[in-house]
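Remarks on the structure that follows.
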């Protein structure tokens with residue numbers, strides 16, 4: 001198995017990309033695998049070696065496959081192998097004395113944090129050394145924890161990866177995974193490069209925070225197969241996504257180019273305003289796809305035509321996208337293009353066609369209403385917004401836009417009612433409601449909004465206008481300002497100015 005260990009070491013430390021168009025293995029293996037010929041030449045001598053070879057091969061395959069796992073292997077090694085082909089329910093680590101659970105605990109390093117957050121509490125640890133538990137962000141003065149061995153960290157790592165791939169609720173998934181990563185990366189734990197790298201990989205996957213990979217100096221031993229590990233090519237691909245999510249498009253492009261992630265390359269070029277290059281790349285993709293038969297290729301062809309259509313504004317590409325894959329996405333993209341270009345008529349037609357496919361789609365309905373508003377078809381737009389508000393009664397954008405359509409239709413009462421409801425959930429809308437109440441001379445609503453509005457640049461001018469034009473009495477304005485705890489410090493100076501003004 002020395003060859004297998006050498007292969008693992010090479011791919012943990014390095015990655016490479018080269019053309020394998022003529023290779024019989026092209027498309028079966030992930031890009032960036034180093035010395036694939038070494039892996040394929042390995043002949044196992046027993047069932048343990050056979051399982052390990054299948055395990056490492058799975059880490060390289062585009063579509064990992066289940067395989068028989070030797071019963072002679074440790075529970076952790078079996079667990080890592082099951083992770084490789086996504087059999088999470090079959091993972092069993094009950095043979096270990098080490099146990100763990102998620103619990104809530106309140107951080108003690110700052111008075112800001114009043115609510116408990118999730119942490120991992122462990123029992124049955126082998127190391128008796130105790131420490132106050134700290135993470136990168138928090139200190140838990142009431143949590144005394146033990147240093148964890150590498151084996152114990154690996155047990156947590158297996159559980160974390162399982163949660164990462166199975167927890168449906170995204171918010172809960174993030175809280176749970178973060179708790180496990182924090183416990184694995186606790187600085188007093190026994191050190192392991194492999195375990196630490198894997199934990200940081202999933203931390204980057206969780207938050208898409210770029211994290212450059214440090215050099216690896218460890219050796220690959222039999223125990224290494226008990227620790228989930230990640231090859232460098234996977235790290236770099238994820239790093240490209242992380243840079244992209246942080247708008248570091250040039251850095252992201254370096255990694256996408258290395259691994260020939262063509263769709264992502266084109267997205268980067270668009271973000272970098274290198275539109276000619278993006279179109280050139282997309283047209284090359286369109287040509288290389290040809291006449292697709294599989295669904296995945298049809299979707300790729302659709303997306304590439306959308307890219308070219310969005311950049312060039314040529315309708316033929318949006319139509320070609322729809323021909324390639326019949327869905328509402330090409331019509332949505334076409335509608336957005338024409339809406340931005342100021343051609344509301346064509347935008348409306350595109351969104352109407354999309355709505356015939358997906359009549360209840362919230363995004364398309366919203367875009368359709370926006371296009372109708374641009375065309376000054378306020379009655380129709382209001383009808384769409386009414387349906388949207390019925391489905392999402394606290395959506396401030398829907399409520400605000402419905403209000404503006406009603407006001408344009410001179411339905412001032414209902415328009416302001418919608419705006420007032422939106423203002424309950426969004427201070428920016430409260431600002432608008434305050435000004436609209438002044439515009440339509442509604443003293444009761446002026447007092448209501450003045451008691452709740454946040455600071456804005458022209459607040460002082462608005463207040464002095466109310467006093468100077470006797471829209472409200474001085475006492476009414478001062479009373480409203482005193483009730484507004486959002487602008488306490490400014491309210492005092494405004495009241496002084498009101499008292500010193502002549503009226």
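Numbering (full-length UniProt numbering), first residue to last: 1 to 503. Ideal Cβ placement from N, Cα and C applies to all residues, glycine included. Keep in mind the model is a prediction, meaning the values are calculated, not measured.
Using CA coordinates, which residue listed in 229, 231, 327 and 412 is at the minimum distance from residue 356?
327
Let's test the definition: count the other Cβ atoms within 10 Å of the Cβ of residue 454 and tell me whether it reaches 16, buried, or not, exposed.
exposed
What residues match up with residue 105 in a beta bridge as DSSP calls it?
117
Where does residue 395 sit, in a helix, a strand or coil, going by DSSP?
coil
Are residue 146 and residue 165 touching if we call contact CB-CB under 8 Å?
no
Might you give, ordered along the chain, the residues of its own chain that have their beta carbon closer than 7 Å to the beta carbon of residue 176, omitting 5 neighbours on each side?
102, 118, 163 and 167
Status (buried if at least 16 other CB within 10 Å, exposed otherwise) for residue 368:
buried
For residue 359 and residue 340, what's the separation of their Cα atoms in angstroms?
23 Å
Between which residues of its own chain and residue 84 is the CB-CB distance below 7 Å, once the five residues before and five after are set aside?
55, 58, 59 and 64
Count the other CB atoms, across all protein chains shown, that sit within 10 Å of the CB of residue 100; report buried if there are 16 or more and exposed otherwise.
buried
Taking Cβ positions, are residue 312 and residue 279 nearer each other than 8 Å?
yes
Cβ distance (whole Å) where residue 36 is taken to contact residue 51 below 8 Å:
Actually they do not touch by this definition, with Cβ atoms about 20 Å apart.
Between the C-alpha atoms of residue 412 and residue 440, what's the straight-line distance to the nearest angstrom?
9 Å
Could you check what DSSP says for residue 386 in three-state terms: helix, strand or coil?
helix
By Cβ distance, which residues of its chain are closer than 8 Å to residue 2, with the 5 residues on each side in sequence left out?
none
Identify which residue in 295, 79 and 277 has its Cα closest to the Cα of residue 253.
277
Use the C-beta contact count for residue 421: other C-beta atoms within 10 angstroms, 16 or more gives buried, fewer gives exposed.
buried
Helix, strand or coil: which one does DSSP assign to residue 7?
helix
If you reduce the DSSP assignment to three classes, tell me which class residue 431 lands in.
helix
Which of the three DSSP states is assigned to residue 507 in this structure?
The chain is shown only over 1 to 503; residue 507 falls outside these bounds and no answer can be derived.
Tell me the rounded alpha-carbon separation between residue 21 and residue 201.
Interpretation of residue 21 is limited by its pLDDT of 48, a score under 50 that renders its predicted location unreliable; the figure taken from the coordinates is listed afterwards. Taking the straight line from one Cα to the other gives about 30 Å.
Where residue 68 falls, given that 16 or more other Cβ within 10 Å makes a residue buried
exposed
At which residue ranges does the segment 302-339 contain complete alpha helix (DSSP H) runs of 4 or more residues, listed in the order of the chain?
315-324
When you compare the segment 215-231 with the segment 243-257, are there three or more beta-carbon pairs, one atom per stretch, that lie closer than 8 Å?
no
Per DSSP, what kind of secondary structure is residue 142 in: helix, strand or coil?
strand
Close beta carbons around residue 354, own chain, < 6 Å, minus the five adjacent residues each side:
328, 331, 332 and 364
Helix, strand or coil: which one does DSSP assign to residue 133?
strand
Note down the Cα distance separating residue 405 from residue 391, rounded to an integer number of angstroms.
18 Å
Quick one: what does DSSP say residue 53 is sitting in, helix, strand or coil?
helix
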